[in-house]
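Structure first, commentary second.
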Amino acid sequence: MAATNLLIIMSDEHSKKWLGCYDSPIVETPNLDRLASRGTVFTNAFTASPVCVPARAAFATGRYIHETGFWDNADPYDGSVRSWHHELRENGHQVVSIGKLHFRSEKDDNGFSEEIVPMHVLDAKGDLLGLVRDDLPVRDGAWKMARPAGPGDTSYTRYDRLIASRAQTWLHEAPRHAEKPWVLFVSFVAPHFPLIAPPEYYYRYHGCDLPTPKLYEKADRPSHPFLVDYRNCFNYDDYFDEERLHAALAGYFGLCSFVDDNIGKILRALDDSGQTDDTTILYTSDHGDNLGARGAWGKSTMYEEAVGVPLILAGPGIPAGVHRSTPVSHIDVRPTITEVVGDDKSGGSEASPLPGRSLIGVAQASDCKRTVFSEYHGMGSTTAAFMVRRGRYKYVHYVGYPPQLFDLEEDPEELRDLGTDPNFSAEIAALEAKLRAICDPEDVNRRAKERQAELLALNGGREAVIARGDIGFTPTPAPPPDFS
Numbered sequence: 003m004a005a006t007n008l009l010i011i012m013s014d015e016h017s018k019k020w021l022g023c024y025d026s027p028i029v030e031t032p033n034l035d036r037l038a039s040r041g042t043v044f045t046n047a048f049t050a051s052p053v054c055v056p057a058r059a060a061f062a063t064g065r066y067i068h069e070t071g072f073w074d075n076a077d078p079y080d081g082s083v084r085s086w087h088h089e090l091r092e093n094g095h096q097v098v099s100i101g102k103l104h105f106r107s108e109k110d111d112n113g114f115s116e117e118i119v120p121m122h123v124l125d126a127k128g129d130l131l132g133l134v135r136d137d138l139p140v141r142d143g144a145w146k147m148a149r150p151a152g153p154g155d156t157s158y159t160r161y162d163r164l165i166a167s168r169a170q171t172w173l174h175e176a177p178r179h180a181e182k183p184w185v186l187f188v189s190f191v192a193p194h195f196p197l198i199a200p201p202e203y204y205y206r207y208h209g210c211d212l213p214t215p216k217l218y219e220k221a222d223r224p225s226h227p228f229l230v231d232y233r234n235c236f237n238y239d240d241y242f243d244e245e246r247l248h249a250a251l252a253g254y255f256g257l258c259s260f261v262d263d264n265i266g267k268i269l270r271a272l273d274d275s276g277q278t279d280d281t282t283i284l285y286t287s288d289h290g291d292n293l294g295a296r297g298a299w300g301k302s303t304m305y306e307e308a309v310g311v312p313l314i315l316a317g318p319g320i321p322a323g324v325h326r327s328t329p330v331s332h333i334d335v336r337p338t339i340t341e342v343v344g345d346d347k348s349g350g351s352e353a354s355p356l357p358g359r360s361l362i363g364v365a366q367a368s369d370c371k372r373t374v375f376s377e378y379h380g381m382g383s384t385t386a387a388f389m390v391r392r393g394r395y396k397y398v399h400y401v402g403y404p405p406q407l408f409d410l411e412e413d414p415e416e417l418r419d420l421g422t423d424p425n426f427s428a429e430i431a432a433l434e435a436k437l438r439a440i441c442d443p444e445d446v447n448r449r450a451k452e453r454q455a456e457l458l459a460l461n462g463g464r465e466a467v468i469a470r471g472d473i474g475f476t477p478t479p480a481p482p483p484d485f486s
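Numbering (the working numbering), first residue to last: 3 to 486.
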């Protein structure tokens with residue numbers, strides 16, 4: 003296919019369950035739906051890690067977390083591992099980011115030609131409390147999920163409007179006759195909590211008959227120890243009652259429509275600038291959100307709500323109006339970018355092959371036997387979690403805890419855990435072998451915890467980190483007024 007420009011749009015915490023083009027009967031996402039109608043929707047797409055900072059490091063590098071060592075929200079990407087931004091910039095492409103990156107600092111060389119209003123982790127350190135992996139502390143900021151939920155404006159919604167504005171401006175002013183295609187990475191915060199949506203979006207859903215999250219009643223919640231650990235540490239649900247639950251759902255759904263509206267503005271700017279026919283567009287989110295399912299809020303689990311992501315690819319040569327069920331991952335994005343912009347030099351200096359595969363080829367034909375992988379080593383967990391998706395099954399391996407297995411054809415909502423069912427021992431053994439072909443889970447768990455113990459000591463130890471408190475969510479940058 004001919005090389006084109008590339009517009010990548012990423013949201014934060016947008017579960018694939020809540021887009022019209024993914025068959026949501028509730029949430030209105032008309033702009034993403036139109037994008038999907040002229041491109042390919044990947045219905046089984048996954049993040050490399052269901053939490054912000056590692057997910058974004060993997061998206062940048064095209065490598066698994068255990069390869070790069072950016073384990074959690076206190077160990078952010080610092081430019082030390084080569085990314086697609088580094089490669090393309092060095093090969094003469096203009097590679098620009100606008101918005102949330104969640105790397106260590108803009109003082110690092112993160113590989114972009116320019117970072118416009120970037121958001122990075124707090125104090126170049128991030129969420130230090132997540133380094134405490136044993137005798138998990140209760141997060142004292144958990145009330146921030148429920149109590150503020152409702153209509154209004156926040157620093158996050160204001161920041162997203164700024165991101166949309168800067169992106170529209172950039173597209174109108176982008177060079178039309180550059181020697182090589184440009185890449186623009188636009189990264190929003192919505193629908194990440196606080197679950198406060200601008201009123202015009204919130205009231206689309208408030209007062210409607212919104213569904214109670216599945217397995218929400220305490221008696222129905224799974225008792226798997228990994229999920230119990232997470233719920234006890236991130237005790238978000240302690241602050242919910244029926245009224246707060248409805249407000250939180252309306253707030254999240256409103257933020258999904260809010261980010262869709264901002265995306266629509268960017269796509270219209272691309273049209274108005276006359277570049278749509280020369281530009282490939284990729285939409286995704288860094289991970290999903292449990293949104294109360296099983297009593298869990300936020301991300302950090304291997305359930306579809308959290309580890310699954312929307313992924314839409316549209317542009318010249320991409321099949322239109324197609325839903326592709328082949329399992330794919332954010333690991334596949336880096337080779338996709340290389341192919342889209344026609345840069346056959348990218349990746350050539352890597353010491354080892356990239357594990358991903360270009361989505362261009364995946365979009366052309368189904369391959370349901372493909373294996374994809376995700377891992378988690380972060381906040382609210384005492385041990386590592388690894389996911390393998392292949393065919394109809396999802397296998398989740400925990401170091402020291404029982405495994406989980408779900409038949410996503412028969413049980414797409416993951417209501418029945420087959421992980422300890424002896425009738426499925428052959429499937430579990432086969433999928434564990436697939437996992438161990440990718441990594442040694444016990445060794446990876448050990449390495450992650452050794453690094454976290456090192457960072458914990460460098461930051462004053464357990465008590466000092468707990469005293470620093472629960473960040474909840476990263477502050478937005480505060481750029482000075484620009485009157486130039």
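Even for Gly, the Cβ is constructed at its ideal location relative to N, Cα and C.
Are the C-beta of S360 and some C-beta of chain C separated by less than 9 Å? This model lacks chain C altogether, as it is built from one protein chain only.
Three-state secondary structure (DSSP) of D25: Walking along the sequence shown from the start, residue 25 turns up at place 23. Reduced to three states, the DSSP call for D25 is coil.
Look at the alpha carbon of G253 and the alpha carbon of E92, and state the distance between them as a whole number of angstroms. Mapped onto the sequence shown, residue 253 falls at position 251. Mapped onto the sequence shown, residue 92 falls at position 90. Within the model, the alpha-carbon separation for G253 versus E92 is close to 42 Å.
Could you tell me the alpha carbon to alpha carbon distance between G294 and T478, rounded to whole angstroms? Within the sequence shown, the letter at position 292 stands for residue 294. Within the sequence shown, the letter at position 476 stands for residue 478. Here the alpha carbons of T478 and G294 stand approximately 26 Å from one another.
Taking the C-alpha atoms as reference points, what is the distance between F190 and K102? Taking the first residue of the sequence shown as 1, we reach residue 190 at position 188. Taking the first residue of the sequence shown as 1, we reach residue 102 at position 100. In a straight line, the C-alpha of F190 is about 6 Å away from that of K102.
Find out if the Cβ-Cβ distance for the pair I314, F44 is shorter than 9 Å. As a working note, residue 314 is residue 312 in the sequence shown. As a working note, residue 44 is residue 42 in the sequence shown. Yes. Within cutoff.
DSSP state of G154 mapped onto helix, strand, coil: Here residue 154 is taken as the residue at index 152 of the sequence shown, counted from 1. Coil.
Where the alpha helix (DSSP H) through V467 begins and ends: As a position in the sequence shown, residue 467 is number 465, starting the count at 1. Taken as a continuous stretch (DSSP letters only), the alpha helix (DSSP H) holding V467 covers 464 to 470.
Whole-angstrom C-beta distance between A47 and P501, which should lie under 8 Å: Given a span of 3 to 486 for the chain in the structure shown, any question on residue 501 remains unanswerable.
When you compare the stretch 12 to 23 with the stretch 191 to 198, are there three or more beta-carbon pairs, one atom per stretch, that lie closer than 8 Å? yes
Since A5 and V343 are thought to touch, with beta carbons under 8 Å apart, how far apart are those beta carbons, to the nearest angstrom? The residue you call residue 5 lines up with position 3 of the sequence shown. The residue you call residue 343 lines up with position 341 of the sequence shown. About 6 Å; that satisfies the 8 Å criterion.
Where does Y207 fall in DSSP's three states? Along the sequence shown, read from residue 1 onward, the residue named residue 207 stands at position 205. Looking at Y207 - three-state DSSP - the assignment turns out to be coil, as it is neither helix nor strand.
Pull up the DSSP beta-bridge partners for D409, would you. As a first step, residue 409 is located in the sequence shown; it is residue number 407 there, counting from the start. According to DSSP, which records beta bridges pairwise, D409 is partnered with Y395.
Alpha carbon to alpha carbon, what distance is there between H87 and P355? Locating residue 355 in the sequence shown gives position 353, where the first residue counts as 1. Locating residue 87 in the sequence shown gives position 85, where the first residue counts as 1. Taking the straight line joining both Cα atoms gives about 17 Å.
Report the three-state DSSP secondary structure of G350 (helix, strand or coil). Numbered from 1 along the sequence shown, position 348 holds the residue referred to as residue 350. With a pLDDT of only 45 at G350, under the threshold of 50, the placement of this residue in the model should not be trusted; the figure read from the coordinates follows. In this structure, G350 counts as coil in the three-state DSSP scheme.
Assign K19 to buried or exposed, taking buried as 16 or more other Cβ atoms, counted over all protein chains shown, within 10 Å of its Cβ. To locate residue 19, count along the sequence shown from 1; it is residue 17. Taking all protein chains shown into account, K19 has 16 or more neighbouring C-beta atoms within 10 Å of its C-beta and is therefore buried.
I430 - containing alpha helix (DSSP H), residue span: Working through the sequence shown from its first residue, we reach residue 430 at position 428. Where I430 is concerned, the enclosing alpha helix (DSSP H) stretches over 427 to 440.
What are the boundary residues of the beta strand (DSSP E) that includes M121? Locating residue 121 in the sequence shown gives position 119, counting from the first residue. Element bounds for M121: 116 to 121.
Pick from S82, L9, D35 that is closest to W184, judged by C-alpha positions: Translated into the one-based positions of the sequence shown, residue 184 becomes position 182. The candidate whose alpha carbon is nearest that of W184 is L9.
Can you tell me the Cα-Cα spacing of L131 and A151, whole angstroms? Your numbering for residue 131 matches position 129 in the sequence shown. Your numbering for residue 151 matches position 149 in the sequence shown. One C-alpha to the other measures close to 24 Å.
Let's see if you can read the secondary structure: which residues bound the beta strand (DSSP E) around E316? Position 314 of the sequence shown, counted from the start, is the residue given in the question as residue 316. The amino acid occupying residue 316 in the given sequence is Ala; Glu does not appear at that position. Segment 313 to 316, the beta strand (DSSP E) holding A316.
Three CB pairs or more closer than 8 Å across the stretch 256 to 273 and the stretch 120 to 140: Too few Cβ pairs lie closer than 8 Å, so no.
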